[in-house]
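Single-structure report; data block below.
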Amino acid sequence: MANPKTPITELDFDSIKSQLKTYLKTQTQFKDYNFEGSNLSAMLDVLAFNSFQNNFYTNMAINEMFLDSAVLKNSIVSHAKELNYLPRSRKSAKATVTVQVTDPTLTDATVTIPQYTQFTATYQGETYTFVTDQVYVAKRVGVGQYTAENVDIFEGQMLTSFQREGFIIDADGVLRVQLTNNEVDTDSIVVFVDAEATEDQNVFTKASTIFGVGPLDLVFYLEPYLDDRYAIYFGANKFGLQPEEQEDIRVKYRICSGEEANDASSFNTAFLEGATINVITTSPASGGADRESMESIRYFAPKALQIQERAVTTSDYEVLLQQRFPEITAVSAYGGEELDPPQYGKVAISVYLADDTTLISSTLAAGYINYLSSKSPLGIEPFFVQTKFIFADIIVNSTYSTKRTEKSEAELEGLIRTAIQNYSDTNLEDFDTTLRVSKLGSAIDALDGGIESNSIEIQPIIEYAPVANFETNPIFKFSSELIKPYPFKSVSGFTDFKPSIRSSVYDDINGTCVYFADDGNGVMMTITDDISNPQIINPAAGTVNYKTGEVKLTKFVASAYTGAGIKVFARLKNSDVVAPKGRVFIIRDTDVKVNMVSESTGLTEASSTSPASYDRSLSSGSSSSSSSY
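At position 71 of the sequence shown (counting the first as 1) the number is 248 in my numbering, and the numbers step up by one without a gap.
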């Protein structure tokens, strides 16, 4: 009698035991045998448990063999190593300060700030140490007074260790030195061979590629090691000089706290005894980051293999920047030929730092461009473009039933506002994104059983922060077709006229409170902010293209405005809002209005007074700042 096929897909304990019973019942020796009431049942338990354990470990081992399915970080790091990818270590937060030294007894022309000079900062109840990474010189600016500007200090403490005990000589003759501390910032590592305690000599610098490296070059390489640690290895006299076994190897590196020290802004130092030292913060600490997460390694390792440490396509530039600078949330890279006017042979780079709509500092921008320049092909020049933003004026009319929820109206409104911000965090806050009304509405409907329905009105906002009393010709590109209103007629006035483009209120050059809007015929007007009797000040202030969504103002001058900038609102033909190229889409809570409507009572008092989006937005403030338009 042929044995029946045993299924192999059911690998849990009960299924395995059941399969064993089924098999034994087919054998003549166990015909009509009581498996549950005999000692054989215990034997079956042992066999099933053993099979289950073996199956479990086999499945887990197979999972760890592939980057996509591995769950242990050491396994993921090992796969990354095969792809020549170096997972990012912790990164020190960096601040820029000005150091002022006062000591009437000093007569020298300069005062030296030594390398690794310590600074201290207290932030959120914790004390952090910052150090310089090079020598700075303070120049004399008066009698006994010295100043050093643009001094970069990095969070962390410098460690120096002789690594004789960490030596490993591979079968191929490659010398490796294991770093025992997993809090190291790999950017700070410097290696000295046979160096004296008081003098740094035979300095080995970090290399990221073997190209162009000769057998006598003083370089070292980094590779990932177990438990978030790193190992240093040398070029085996093929791609770099390898130290002899009897030579001492001294390693200096900085251990840091990662992102914890970000935003520290008050620093002190006492590197010169007897002197009064004042430290003025130019740029607060930023850029600190924790070591790279498993999901980040899983995402970037294959892309790093594809890019191979060079930037050819625009996506190469984006991946390289995000991999190297963890503070960057989003990157936009595009060819200079897309600019107006075109700039051939150049690549424009814009970055977005999470929750930051201010200008990127020149120091950060220079760091990004310098890094990309070393990866760019000959003849291609990357350059930095300040990120522009687009916001959204949102009105939510939400109908709810008091019979289907225990939450108050205020609680429901809070849930809706939180959902809108979560939608912004998850789906927007990046380049080339789209605000989709249907998805946002579905997210609101799913918040609570008491929410019956909702309707959403959305209008994009571009903010313009002009220099006071300075004439400009700004252009606002919404990159979407606009609703073309009926032409404005002076006979009927502004009562029922709904322009396609309208700004918030500002003061013109004469100090008159005005706003600008289109007339329905493609011409921009400047109008006094007088509800009872508005007057057209300038009937030809610019033009608007309803098809492309481009607004051009001519000889625009503003003497004053409220908030971070003049808001420019647009009524789009499409309900969804697409972010124009090069802009990051952000929803601010200050731009959101929620009208709660009870099925039993109708509009609440607050919502019943809600005017059209344009009018409401004129008085809404904003805490964000941006120079973009």
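For glycine and all other residues, C-beta sits at the position ideal for the given N, C-alpha and C.
Check: When you compare only the Cα positions, how much space is there between T534 and D607?; Outcome: 12 Å
Check: Are L399 and Y407 close, meaning C-beta to C-beta below 8 Å?; Outcome: yes
Check: Since I believe A438 is in contact with T270 (beta carbons under 8 Å), could you give me their beta-carbon distance rounded to a whole number of angstroms?; Outcome: The amino acid occupying residue 270 in the given sequence is Ala; Thr does not appear at that position. The pair is a contact, with the Cβ atoms about 4 Å apart (cut-off 8 Å).
Check: Only counting runs of 3 or more residues, tell me where the beta strand (DSSP E) segments fall wholly within the stretch 626 to 666, in order along the chain.; Outcome: 628 to 641 and 652 to 654
Check: Leaving aside the five residues before and after P757 along the sequence, list all residues of the same chain whose C-beta is less than 6 Å from its C-beta, in chain order.; Outcome: K654 and S656
Check: Count the other CB atoms within 10 Å of the CB of Y577; is the residue buried (16 or more) or exposed (fewer)?; Outcome: buried
Check: Which partner residues of L188 appear in the DSSP bridge assignment?; Outcome: Note: L188 sits in no beta bridge, so no partner.
Check: Rounded to whole angstroms, how far is the Cβ of V274 from the Cβ of I457, which I believe are closer than 8 Å?; Outcome: 6 Å
Check: Using 10 angstroms around the beta-carbon of P825, count the other beta-carbons present and answer buried if the total reaches 16, otherwise exposed.; Outcome: The structure shown does not extend to residue 825, since the chain is modelled only from 178 through 806, so no value can be given for it.
Check: Alpha carbon to alpha carbon, what distance is there between E634 and M702?; Outcome: 25 Å
Check: Could you tell me the distance, in whole angstroms, from the CA atom of E342 to the CA atom of G451?; Outcome: Because the pLDDT of E342 is 45, which lies under 50, any placement of that residue in the model is unreliable, and the question is left without a value.
Check: Hey, quick one: how far does the alpha helix (DSSP H) through R168 stretch, first residue to last?; Outcome: Here the chain covers residues 178 to 806 and nothing more, so residue 168 does not appear.
Check: In whole angstroms, what is the alpha-carbon distance linking G326 and Q277?; Outcome: Just to set this straight, residue 326 is Glu in the shown sequence, not Gly. Their Cα atoms are separated by approximately 9 Å.
Check: Can you give me the start and stop residues for the beta strand (DSSP E) that F560 sits inside?; Outcome: E558 to F561
Check: Please classify L449: does DSSP put it in a helix, a strand, or coil?; Outcome: coil
Check: Nearest CA to the CA of T491: which residue from N646, S553 and I409?; Outcome: S553
Check: In this structure, how does DSSP classify F243 when only helix, strand and coil are distinguished?; Outcome: coil
Check: How far does the alpha helix (DSSP H) with S619 in it extend, from its first residue to its last?; Outcome: V614 to D622
Check: Just the C-alpha distance for D625 and T582, rounded to the nearest angstrom, thanks.; Outcome: 7 Å
Check: Can you have a look at P676 and say buried or exposed, based on whether 16 or more other CB atoms are within 10 angstroms of its CB?; Outcome: buried
Check: In terms of alpha-carbon separation, which member of K480, E504 and K268 lies closest to V496?; Outcome: K480
Check: Kindly list the residues whose CB is nearer than 7 Å to the CB of V248, restricted to its own chain and excluding five residues on each side of it in sequence; keep chain order.; Outcome: N240
Check: In the DSSP assignment, what are the bridge partners of G319?; Outcome: Q322
Check: For Y548 and E436, what's the separation of their Cα atoms in angstroms?; Outcome: 21 Å
Check: With distance defined between alpha-carbon atoms, name the residue in F381, N261, T287 and I567 nearest to T610.; Outcome: I567
Check: I'd like the ranges of any beta strand (DSSP E) spanning at least 3 consecutive residues and lying wholly in the stretch 499 to 558.; Outcome: 505 to 512 and 523 to 530
Check: Tell me which residue opens and which closes the beta strand (DSSP E) that T703 is part of.; Outcome: V700 to T705
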